[in-house]
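Undergrad: Residue numbers (the numbering used here): -14 to 273. Got a structure for you, written out below as structure tokens; questions coming shortly.
Okay, here's the thing in structure tokens:
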């Protein structure tokens, strides 16, 4: 029984098979007739069949959302991000900030919402090559493909550049195929020069959540951390304090491999002590 999703163009992958390309959505659940449960995973390093595969938190990005959120919102938007459709599905989002609640009975920053990401749209950003100190500000992106009247979002400009442009939406007027103006934006007094690391997107990255944000009001430009699926970066655990996903169904030789990891049911670990007979009913733990 497989619960999850076969990727478009993917093919059935055997339980003990390791591949270089993905066939299922990361986190897809698989149950065998004897009741064992496996999850589809991506490796961040070597994984063994007799030692625990550790969960290594993998942050997709951290930054401010676009606009304010009502407590009933089940979507959250970000500008300047590039992700394929459902690349973040099965991941998580944590929403931080102050003020986080309007309800005086709830302490600020003490109960940050955490939500499962159930899907996301496809969003493609373009690297910004330059931004002028002018009225209006002119952005350079070779072959941008935009049209006058488009609404774009700028994000990711690093320290030293004109960071005041970050996390805002702009209506644009096209100058030519490589440049466009940000309508109504006078950047002559902005600190910094040009851009470093900036990305421009037409439209926002929209994350679908498994439930409402659930707070009275989330402030404009609320800071968030977005994590990939917890099965997207597994590797051999070497510390007793690590969190383990389970046991790899087959030996994984290194990073960026796709495989099944056992999370439930009968298993054999640390096969280093001779015959199994007589060793049942013991307390066991992952060898590291």
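Just so you know, even glycine gets a beta-carbon here, dropped at the ideal spot from N, CA and C.
Have a look at residue 198 and residue 98 and give me their C-alpha separation to the nearest angstrom.
TA: The alpha-carbon atoms of residue 198 and residue 98 are separated by roughly 7 angstroms.
Undergrad: Taking the straight line between their C-alpha atoms, what separation do you get for residue 72 and residue 126?
TA: Roughly 25 angstroms between the two C-alpha positions.
Undergrad: Within the same chain, show all residues whose beta-carbon is closer than 7 angstroms to that of residue 120, passing over the 5 residues directly before and after it, in chain order.
TA: Around residue 120, the same chain offers 171, 173 as residues with beta carbons nearer than 7 angstroms, after the five sequence neighbours per side are excluded.
Undergrad: Mapping DSSP to helix, strand and coil, what is residue 154?
TA: strand
Undergrad: Output the residue ranges of the beta strand (DSSP E) runs that lie fully inside the region 57 to 86 and measure 3 residues or longer, sorted by chain position.
TA: 60 to 63, 77 to 80
Undergrad: Please name the residue, chosen from 138, 218, 75, that lies closest to residue 168 on a Cα-to-Cα basis.
TA: 138
Undergrad: Of all the options 70, 237, 207, which has the alpha carbon lying nearest to the alpha carbon of residue 56?
TA: 207
Undergrad: Report yes if the CB atom of residue 60 is closer than 8 angstroms to the CB atom of residue 193, and no otherwise.
TA: yes
Undergrad: Could you tell me the boundaries of the beta strand (DSSP E) in which residue 253 lies?
TA: Counting along the chain, residue 253 falls outside any beta strand (DSSP E), and DSSP gives it neither H nor E.
Undergrad: Where does residue 149 sit, in a helix, a strand or coil, going by DSSP?
TA: helix
Undergrad: Is the beta carbon of residue 145 sitting closer than 8 angstroms to the one on residue 181?
TA: yes
Undergrad: By alpha-carbon positions, which one of 44, 43, 63 ends up nearest to residue 52?
TA: 63
Undergrad: Nearest by alpha-carbon distance to residue 36: which of 213, 187, 149, 222 is it?
TA: 222
Undergrad: With DSSP as the reference, please indicate the residues paired to residue 25 in a beta bridge.
TA: In DSSP, residue 25 forms a bridge with 245.
Undergrad: Would you mind sorting residue 20 into buried or exposed? The rule is 16 or more other CB atoms within 10 Å of its CB.
TA: exposed
Undergrad: Does the region 209 to 229 come into contact with the region 24 to 41, if we say contact requires no fewer than three beta-carbon pairs (one atom in each stretch) closer than 8 angstroms?
TA: Taking a cut-off of 8 angstroms for Cβ pairs, the region 209 to 229 and the region 24 to 41 touch, as three or more such pairs fall below it.
Undergrad: Ignore the nearest five residues each way along the sequence and tell me which others in residue 70's own chain have a CB closer than 6 angstroms to its CB.
TA: These residues qualify, in order along the chain: 107.
Undergrad: My output table needs one value for residue -13: the three-state DSSP class, helix, strand or coil.
TA: strand
Undergrad: Applying the criterion that 16 or more other CB atoms from any shown protein chain within 10 Å of the CB defines a buried residue, is residue 243 buried or exposed?
TA: buried
Undergrad: Kindly list the residues whose CB is nearer than 8 angstroms to the CB of residue 41, restricted to its own chain and excluding five residues on each side of it in sequence; keep chain order.
TA: 29, 218, 219, 220
Undergrad: Once the 5 residues before and after residue 11 are set aside, which same chain residues still bring their CB inside 7 angstroms of it?
TA: 25, 26, 27, 75, 214, 216, 217
Undergrad: Going by DSSP, what residue range makes up the beta strand (DSSP E) through residue 38?
TA: Boundaries of the beta strand (DSSP E) around residue 38: 37 to 40.
Undergrad: Whose C-beta lies closer than 8 angstroms to the C-beta of residue 4 among residues of the same chain, with five residues either side of it excluded?
TA: -2, 242, 243, 244
Undergrad: What are the start and end residues of the beta strand (DSSP E) that includes residue 233?
TA: 229 to 233
Undergrad: Classify residue 38: buried if its beta carbon has 16 or more other beta carbons within 10 angstroms, exposed otherwise.
TA: buried
Undergrad: Exposed or buried, which one is residue -6 when buried takes at least 16 other CB atoms within 10 Å?
TA: exposed
Undergrad: If you draw a straight line from the alpha carbon of residue 1 to that of residue 8, how long is it in whole angstroms?
TA: 14 angstroms
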